[in-house]
Amino acid sequence: MMRANMLLIAVCMLSGCIGFLDKMTREVPTNLFLMNHEVCAVSIMKPGEKMVSAEIFSTDEGKRFELFPDKPRYIAAGDCLPMFSTAFRAGEKYAYSWNVVPVKGDAYLITAQFTLSTDSAGHLSVSDTSIR
Numbered sequence: 003m004m005r006a007n008m009l010l011i012a013v014c015m016l017s018g019c020i021g022f023l024d025k026m027t028r029e030v031p032t033n034l035f036l037m038n039h040e041v042c043a044v045s046i047m048k049p050g051e052k053m054v055s056a057e058i059f060s061t062d063e064g065k066r067f068e069l070f071p072d073k074p075r076y077i078a079a080g081d082c083l084p085m086f087s088t089a090f091r092a093g094e095k096y097a098y099s100w101n102v103v104p105v106k107g108d109a110y111l112i113t114a115q116f117t118l119s120t121d122s123a124g125h126l127s128v129s130d131t132s133i134r
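Listed below in structure tokens is the structure:
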């Protein structure tokens, strides 16, 4: 029995199984709105925090990464987060994760998930599909 337990522990450690000491990156959803026909995800960054990367997913184009560790960005709270020239299209689903490093503590992700649609008059609207 002791040998089986030791084997199980060794397998878990070598395989990288999630354990009680593993940290999960905290995700903080942000608000969205349209401004001048452009999607705006509102920054919730605090002074001194640095954005070092972003992950962008769309049902049409798949996943892409924007990395800028040598030139981190600060986006003041209330301003729009960068969308990295994404060509948004109605009917598509989008998910953004901006990786933020605070002055103290662990890094976290600002997240936004949304779909775009148009009504019969051609007016664009954004639907926030983030899990809160």
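The sequence shown begins at 3 in the numbering used here and counts up by one. In this text, a Cβ means the ideal position worked out from N, Cα and C, and glycines have one as well.
Asked                                                                                                                        : Found
Decide if glutamate 51 is buried, meaning its Cβ has at least 16 other Cβ atoms within 10 Å, or exposed.                     : buried
Comparing C-alpha positions only, which one of Ala97, Gly93 and Ile112 sits nearest to glycine 124?                          : Gly93
Measuring CB to CB, does methionine 37 end up less than 9 Å from tyrosine 76?                                                : no
In the DSSP output, what is glutamate 29 paired with across the bridge?                                                      : Leu111
Start and end of the beta strand (DSSP E) containing tyrosine 96?                                                            : 95-103
Excluding sequence positions up to five away, which residues of its chain have a Cβ less than 7 Å from the Cβ of alanine 43? : Thr32, Leu34, Cys82, Leu83, Tyr98 and Ala114
Quick one: is isoleucine 112 buried, meaning 16 or more other Cβ sit within 10 Å of its Cβ, or exposed?                      : buried
With distances taken Cα to Cα, identify the nearest neighbour of threonine 27 among Ala89, Phe116 and Trp100.                : Trp100
Locate the beta strand (DSSP E) running through aspartate 130, then write down its first and last residues.                  : 126-130
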